[in-house]
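Engineer: If you scroll down you'll find the structure; I have some questions about it.
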Amino acid sequence: MTLRAVFDFESGRSPLLVSTHDELSELVARVIALSEGETIPSIVEIGVDAENPYAFPALQAGIGPESGFVYELWNPSRATAGDPEAGGTVLFDYSAHAQEIPARHVVPLSTVRSVLTAYLDHGGFIPADFPALQVVED
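Per numbering that gives the first Met the number 0, the very first residue in the sequence shown carries number 0; after that it's consecutive.
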């Protein structure tokens, strides 16, 4: 399976294709590098079908050097489960626009990596009982 990743102007014109764990690690490193020196980390959009950018489910993943989030656009929508007591929002860069993410969805980068790996390994369909994701109720 090949994932289609868009995270900046260049990848918007020519999406990065990801088929292996090494390519997924390279994607994470590139998104972190993109945010280096910036005040907020970047968001990457990842689709399951390299030929069809509108295929579902799709992910939005905020990737910072130490933390981030994943939001699965599907039915039901799910997001990473961080500290349920965390209040407020955390800013991420979505195509040069600040996007507020509920702080309770921000998790360590290792959790973001595990969700993205599950997405790749399961053909774009993360198991319903995947422990790092919870149904979004807000």
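Where a beta carbon is used, it is the ideal one built from N, C-alpha and C, also for glycine. All values reported here derive from a predicted model rather than from experimental measurement.
Sorted by chain position, which residues of the same chain lie with C-beta nearer than 7 Å to P83's C-beta, five sequence neighbours on each side aside?
Structural biologist: Answer for P83: R103, listed in chain order.
Engineer: Output needed for I39: all residues of its chain with C-beta closer than 7 Å, excluding positions within five of it in sequence on either side, in chain order.
Structural biologist: L90, F91, D92 and A97
Engineer: With a threshold of 16 other CB atoms inside 10 Å of the CB of G87, please say whether the residue is buried or exposed.
Structural biologist: G87 comes out exposed.
Engineer: Looking at the structure shown, is I125 part of a helix, part of a strand, or coil, going by DSSP?
Structural biologist: coil
Engineer: In angstroms, rounded to a whole number, what distance separates the CA positions of E136 and F6?
Structural biologist: 26 Å
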